[in-house]
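Undergrad: With the UniProt record's numbering applied, the sequence shown corresponds to residues 1 to 213, in that order.
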Amino acid sequence: MATISLDSLDLAALLCSRVCHDVISPVGAIVNGLEVLEDDSDQSMREFALELIEKSAKQASARLQFARLAFGAAGSAGAAIDLGDAEHVARGLFQDDKISFAWSAPRLLFPKNRVKLLLNLIMIAINAIPRGGAISTSVSGDADKCEFIIRSKGLNARIPAHAEALLAGESETGTVDAHGIQIYYAGMIARASGMTTSFSIEGDEVTLRATLA
């Protein structure tokens, strides 16, 4: 494995690509729904189009709100973020029936980098159960001494490919693409917030843990 070398401009570009990837699907569905409203006079098709637009708009909004907290500045330098706000945007990712989501955390203010790490770990946990299932997120302790545990349980659960290396800031080639940038970024945040991450798997359950270094 080689240490990934990435300048700030490439990091920004890759993160922007990731955010665009996440929102382009629901935005495209909104456009399709509007085209149906313009071109089709059938009432049932119009009702379907309106439902599609409403669902897709909510999905796009939820993903943007999540990205703002998980990737964005979310306030000035050194700002703290309410874990209740983190729960709200996290739940927005689970609007369908494919994955159920449970959250257990105190309603406290945490340093923003630790909240960003928690949200990014939840994104990684989603990739651990490609066929759906259940994710539970637990935060224990307080802002100064805390632990995050995210469990993904589902059919064919697995540790996402290259996730452990990317979290450590490494890859086989010493480079990272838009597919892996989110996990690499999570590792950057972990190191910046003084936390270490680890994976374990047992049967159909993957556990992702973050503790203070």
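Every residue, glycine too, gets a C-beta built ideally from N, C-alpha and C.
Small disclaimer: the values here were computed from a predicted structure and weren't measured.
1. Can you list, in chain order, the residues of its chain whose CB lies under 7 Å from that of GLY92, leaving out five sequence neighbours each side?
2. Assign VAL19 to buried or exposed, taking buried as 16 or more other Cβ atoms, counted over all protein chains shown, within 10 Å of its Cβ.
3. With DSSP run on the structure shown, which of helix, strand or coil describes residue 236?
4. Does the structure place the segment 185–201 close enough to the segment 133–143 that three or more beta carbon pairs sit under 8 Å?
5. Entirely within the segment 158–209 and at least 4 residues each: give me those alpha helix (DSSP H) ranges in chain order.
6. Rounded to whole angstroms, what's the CA-CA distance from ALA49 to ILE24? Just pull it up for me.
7. How would you label GLN59, buried or exposed, when you count the other beta carbons within 10 angstroms and need 16 or more for buried?
8. Which residue's Cα is closest to the Cα of ALA134: ASP144, SER100 and LEU117?
9. When the Cα atoms are used, what is the spatial distance from SER193 to ASN113?
10. From which residue to which residue does the beta strand (DSSP E) around ASP82 run?
11. Tell me where the beta strand (DSSP E) around LEU109 begins and ends.
12. Can ILE4 and GLU170 be called in contact, C-beta distance under 8 Å?
13. Secondary structure at ILE124, three-state DSSP: helix, strand or coil?
14. Taking ILE124 and ALA186 to be in contact with their CB atoms under 8 Å, please state how far apart those CB atoms are, rounded to whole angstroms.
15. Of the residues THR175, LEU121 and ILE149, which one's Cα is nearest the Cα of ALA105?
16. Looking at ALA128 and VAL206, is the spacing between their C-beta atoms short of 8 Å?
17. Please identify the residue among ASN120, ASP39, VAL115 and GLY203 whose C-alpha is closest to the C-alpha of residue 272.
18. Between which two residues does the beta strand (DSSP E) carrying ALA102 extend?
19. If you draw a straight line from the alpha carbon of ILE183 to that of SER44, how long is it in whole angstroms?
20. If I measure Cβ to Cβ from VAL176 and keep anything under 8 Å in the same chain, skipping five residues before and after, which residues do I get?
TA: Considering the structure as presented:
1. Position 92 of the sequence shown, counted from the first residue, corresponds to residue 92. ALA62, GLN65 and PHE66.
2. Stepping through the sequence shown from its first residue, residue 19 is reached at position 19. Buried, since its Cβ has 16 or more Cβ neighbours within 10 Å.
3. The first residue shown for the chain is 1 and the last is 213, placing residue 236 beyond what the model contains.
4. no
5. 163–167 and 181–192
6. In the sequence shown, the residue the question calls residue 49 occupies position 49. In the sequence shown, the residue the question calls residue 24 occupies position 24. For ALA49 and ILE24, the distance between alpha carbons rounds to 18 Å.
7. To locate residue 59, count along the sequence shown from 1; it is residue 59. Buried: at least 16 other Cβ atoms inside 10 Å.
8. In the sequence shown, counting from the first residue as 1, residue 134 sits at position 134. If we check each option's Cα against that of ALA134, SER100 comes out closest.
9. The residue labelled residue 193 in the question sits at position 193 within the sequence shown. The residue labelled residue 113 in the question sits at position 113 within the sequence shown. Each residue's Cα considered, the two are about 6 Å apart.
10. If you number the sequence shown from 1, residue 82 lands on position 82. Taken as a continuous stretch (DSSP letters only), the beta strand (DSSP E) holding ASP82 covers 80–82.
11. The sequence position of residue 109 within the sequence shown is 109, counting from 1. 109–111 is the span of the beta strand (DSSP E), which, as asked, contains LEU109.
12. In the sequence shown, counting from the first residue as 1, residue 4 sits at position 4. In the sequence shown, counting from the first residue as 1, residue 170 sits at position 170. Against a cut-off of 8 Å, the Cβ pair of GLU170 and ILE4 comes out as a contact.
13. For the purposes of this step, residue 124 is taken as residue 124 along the sequence shown, with counting starting at 1. Correct three-state label for ILE124: helix.
14. As a position in the sequence shown, residue 124 is number 124, starting the count at 1. As a position in the sequence shown, residue 186 is number 186, starting the count at 1. Confirmed, about 6 Å.
15. Locating residue 105 in the sequence shown gives position 105, where the first residue counts as 1. Selected option, being the one with the closest Cα: ILE149.
16. Residue mapping note: residue 206 aligns to position 206 of the sequence shown, counting from 1. Residue mapping note: residue 128 aligns to position 128 of the sequence shown, counting from 1. Going by C-beta atoms, VAL206 is nearer than 8 Å to ALA128.
17. In the structure as shown, the chain begins at 1 and stops at 213. Residue 272 is therefore absent and cannot be evaluated.
18. To locate residue 102, count along the sequence shown from 1; it is residue 102. Per DSSP, ALA102 belongs to the beta strand (DSSP E) from 99–104.
19. Counting from one through the sequence shown, the residue named residue 183 turns up at place 183. Counting from one through the sequence shown, the residue named residue 44 turns up at place 44. Straight-line Cα distance between these residues: approximately 43 Å.
20. Counting from one through the sequence shown, the residue named residue 176 turns up at place 176. Closer than 8 Å at Cβ, skipping near neighbours: ILE4, LEU6, LEU14, LEU166 and TYR184.
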